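Residue numbers (our numbering), protein chains in the order written: chain A, 9 to 130; chain B, 694 to 804. Backbone N, C-alpha and C fix where the C-beta goes; we use that ideal spot for every residue, glycine too. No experiment lies behind these values; they were computed from the predicted model shown.
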């Protein structure tokens, strides 16, 4: 059974860097086809795809935030880390860590973490 | 402004049929990339209700169906039930952006 859980600060100040950790179980990011994606959702707004890291350590970022985002993995700990620099109040959102597999269900986001609520405010 | 376009809201009475559209472009849906649909009940995390355009995960009622044609896709729900009241999001891949893209979401109200 695949599970994911996000952890990190609930409150960050403007201009700070946000670091979120996704700790997962039920799969390994060394297995062919496995992927972990970060998606966020501002309060009352739509889902927004942020970044993805694959089993081969390939990384993909949304164009609009590419300069601020970094995603990495620690396969020994079954963790994926997302950092977002220069946080702004508009970055206030719930941040989801999500599983997908290239060969399962046509690569859709099949298992979602519970989400980490992040507020940006001074 | 989302890459995929959905109507902000749809509504229907219990037992009726509703459809939610998702319109893209030649670099996403029109390029042949799959469309997936997610249901987000109030206060909960998203859940996939349709994958690969027209495939239902086990556990999703057969009242849900999906289709895709050209640069658009649709999610249809027949025999509406109050429990279907939720936000629905379509998602695909965009070759120009080299990443996944979502629609702006559609709020389904069961009257």
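For the beta strand (DSSP E) that residue i lies in, which residues bound it at each end?
i                      : result
residue 743 of chain B : 740-743
residue 776 of chain B : Run containing residue 776 of chain B: none; DSSP gives neither H nor E here.
residue 733 of chain B : 729-733
residue 113 of chain A : First-last for residue 113 of chain A: undefined, no H or E at that position.
residue 760 of chain B : 757-762
residue 45 of chain A  : 42-49
residue 736 of chain B : No beta strand (DSSP E) holds residue 736 of chain B; DSSP gives it neither H nor E.
residue 747 of chain B : That residue, residue 747 of chain B, is in no beta strand (DSSP E); it is neither H nor E in DSSP.
residue 66 of chain A  : Run containing residue 66 of chain A: none; DSSP gives neither H nor E here.
Which residues does DSSP pair with residue i in a beta bridge?
i                      : result
residue 87 of chain A  : A/31, A/82
residue 13 of chain A  : A/31
residue 726 of chain B : According to DSSP, residue 726 of chain B bridges with nothing at all.
residue 785 of chain B : B/794
residue 765 of chain B : B/716, B/762
residue 697 of chain B : B/796
residue 101 of chain A : A/126
residue 705 of chain B : B/803
residue 56 of chain A  : A/48
residue 119 of chain A : A/107
residue 92 of chain A  : A/26, A/77
residue 20 of chain A  : A/128
residue 711 of chain B : B/770
Inset, instruction - Mind checking the stretch 746-760 of chain B against chain A and listing, in chain order, the residues whose C-beta falls within less than 9 Å of any C-beta there? - result: 746, 748, 750
Inset, instruction - Compile a chain-ordered list of the residues in the stretch 68-100 of chain A whose CB is closer than 8 Å to at least one CB of chain B. - result: 68, 69, 70, 71
Legend entry - Residues from the stretch 713-730 of chain B in contact with chain A, defined by Cβ distance under 7 Å: 727, 729
Legend entry - Stretch pair the stretch 771-782 of chain B + the stretch 115-129 of chain A: three plus CB contacts closer than 8 Å: no
Inset, instruction - Spell out a yes or no on whether the stretch 718-737 of chain B and the stretch 745-763 of chain B are touching, meaning 3 or more CB-CB pairs, one atom from each, closer than 8 Å. - result: yes
Legend entry - Short-range partners of chain E found in the stretch 104-118 of chain A, where Cβ spacing is below 8 Å: The structure shown contains no chain E; its protein chains are A and B.
Inset, instruction - Determine which residues of the stretch 791-802 of chain B have a Cβ less than 9 Å from any Cβ of chain A, and write them out in chain order. - result: 791, 792, 793, 794, 795, 796, 797, 798
Legend entry - the stretch 57-68 of chain A in contact with the stretch 35-48 of chain A per 3-pair CB rule at 8 Å: yes
Inset, instruction - Pull out every residue of the stretch 32-44 of chain A whose Cβ sits closer than 9 Å to any Cβ of chain B, in chain order. - result: none
Inset, instruction - Would you be able to state if there are at least three C-beta pairs under 8 Å between the stretch 104-112 of chain A and the stretch 14-33 of chain A? - result: yes
Inset, instruction - Please confirm if the stretch 59-79 of chain A is in contact with the stretch 88-98 of chain A, defined as three or more CB-CB distances below 8 Å between the two stretches. - result: yes
Inset, instruction - Inspect the CB distances between the stretch 705-717 of chain B and the stretch 770-777 of chain B and report whether three or more fall short of 8 Å. - result: yes
Legend entry - Members of the stretch 734-746 of chain B that neighbour chain A once the beta carbon cut-off is set at 7 Å: 738, 739, 741, 744, 745
Inset, instruction - Output, in sequence order along the chain, the residues in the stretch 773-788 of chain B whose CB is closer than 9 Å to any CB in chain A. - result: 780, 782, 784, 786
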